[in-house]
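Protein chains in written order, with my numbering: chain A, 34 to 147; chain B, -1 to 114. Using N, Cα and C, we set each Cβ at its ideal position, and we do this for glycine too. Predicted model only: the values in this text are computed from it and were never measured. A short worksheet on the structure shown next.
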Amino acid sequence: DQQVKQNSPSLSVQEGRISILNCDYTNSMFDYFLWYKKYPAEGPTFLISISSIKDKNEDGRFTVFLNKSAKHLSLHIVPSQPGDSAVYFCAASAYSGANSKLTFGKGITLSVRP
Amino acid sequence: DTGVSQDPRHKITKRGQNVTFRCDPISEHNRLYWYRQTLGQGPEFLTYFQNEAQLEKSRLLSDRFSAERPKGSFSTLEIQRTEQGDSAMYLCASSRPGTGVIGTQYFGPGTRLLVL
């Protein structure tokens, strides 16, 4: 069973516009969420995270929003740049990440067109 | 901060052979994790260590898989009697102990295994 779901496999946006990447989860024990970015032939790179006690966290061009009641989170990238083209993984953990194995979604391939 | 390193980066082997991968974590990180990623999927948790103690193992880690971290520094992941279904990217990550952003896992570049 897929506890973290990224239902859209790909997204294409114009440079300078907003990219919105969505993620849903089913496990109510998850209380800490992360986004990783992955280029081909490299390991995932940490982007941004959010605890369930917050509903928004911002870092530069990246903002993550969490809607606990809907078990939904989203990553906003503004403005999008061609270098943002990569696979983006949503991940979740329980116990505030203290233990902590991460459960990943399948990823979304973002393409930013010049 | 030299990052997490993994060796080898690529490995091709024949079915039935044994393979061993190595992971060197970020020096001040005492937690080390192994994940496996197959095509079209996200990374899947295999096991993790705190210092030299292996604290959790996934049911994905069959008895052909063994991981060690003998001195609490580098770790090895061995697969015995490899099968074609073992073909995947094997990712290692490390972190400090702690909750939230303090315990963020940082990943290495991975070892890509192909079993013929």
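By the three-class DSSP mapping on this structure, what secondary structure does residue i have?
| i | result |
| --- | --- |
| residue 39(B) | coil |
| residue 88(A) | coil |
| residue 128(A) | helix |
| residue 2(B) | coil |
| residue 34(A) | coil |
| residue 64(A) | strand |
| residue 82(B) | helix |
| residue 100(B) | helix |
Exposed or buried, which one is residue i when buried takes at least 16 other CB atoms within 10 Å?
| i | result |
| --- | --- |
| residue 7(B) | exposed |
| residue 44(B) | buried |
| residue 121(A) | buried |
| residue 64(A) | buried |
| residue 134(A) | buried |
| residue 113(A) | buried |
| residue 111(A) | exposed |
| residue 42(A) | exposed |
| residue 51(B) | exposed |
| residue 72(A) | exposed |
| residue 47(A) | exposed |
| residue 4(B) | buried |
| residue 116(A) | exposed |
| residue 82(B) | exposed |
| residue 102(A) | exposed |
| residue 29(B) | buried |
| residue 84(B) | buried |
Which residues does DSSP list as the beta-bridge partners of residue i?
| i | result |
| --- | --- |
| residue 27(B) | Looking at the DSSP assignment, residue 27(B) forms no beta bridge with any residue, so it has no partner. |
| residue 77(B) | 17(B), 63(B) |
| residue 70(A) | 78(A), 121(A) |
| residue 111(B) | 9(B), 86(B) |
| residue 48(B) | 29(B), 51(B) |
| residue 55(A) | 107(A) |
| residue 43(A) | 142(A) |
| residue 137(A) | 124(A) |
| residue 58(B) | Bridge partners of residue 58(B): none, in fact. |
Compute the beta-carbon to beta-carbon distance between residue i and residue j, rounded to the nearest angstrom, for a pair I have assumed lies under 8 Å.
| i | j | result |
| --- | --- | --- |
| residue 148(A) | residue 142(A) | Absent from the model: residue 148(A). The displayed extent of chain A is 34 to 147, so no value can be given. |
| residue 102(B) | residue 82(A) | 7 Å |
| residue 95(A) | residue 80(A) | 6 Å |
| residue 62(B) | residue 79(B) | 6 Å |
| residue 57(A) | residue 87(A) | The pair is not a contact, with the Cβ atoms about 18 Å apart (cut-off 8 Å). |
| residue 62(A) | residue 127(A) | 4 Å |
| residue 114(B) | residue 12(B) | 5 Å |
| residue 70(A) | residue 40(B) | No, residue 70(A) and residue 40(B) are not in contact; Cβ-Cβ is about 13 Å, not under 8 Å. |
Considering only heavy atoms of the ligand FAD, does any lie closer than 8 Å to the CB of residue i?
| i | result |
| --- | --- |
| residue 63(A) | No copy of the ligand FAD appears in this structure; indeed no ligand is present at all. |
Check: When the Cβ atoms of the region 87 to 100 of chain B are set against those of the region 52 to 71 of chain B, are three or more pairs found closer than 8 Å?
Finding: no
Check: Does the pairing of the region 69 to 77 of chain A with the region 102 to 114 of chain B give three or more beta-carbon distances under 8 Å?
Finding: yes
Margin query: Quick check: the region 55 to 71 of chain A against the region 8 to 25 of chain B, are at least 3 beta-carbon pairs closer than 8 Å?
Written below: As far as the Cβ criterion goes, the region 8 to 25 of chain B does not touch the region 55 to 71 of chain A, which means the pair count is below three.
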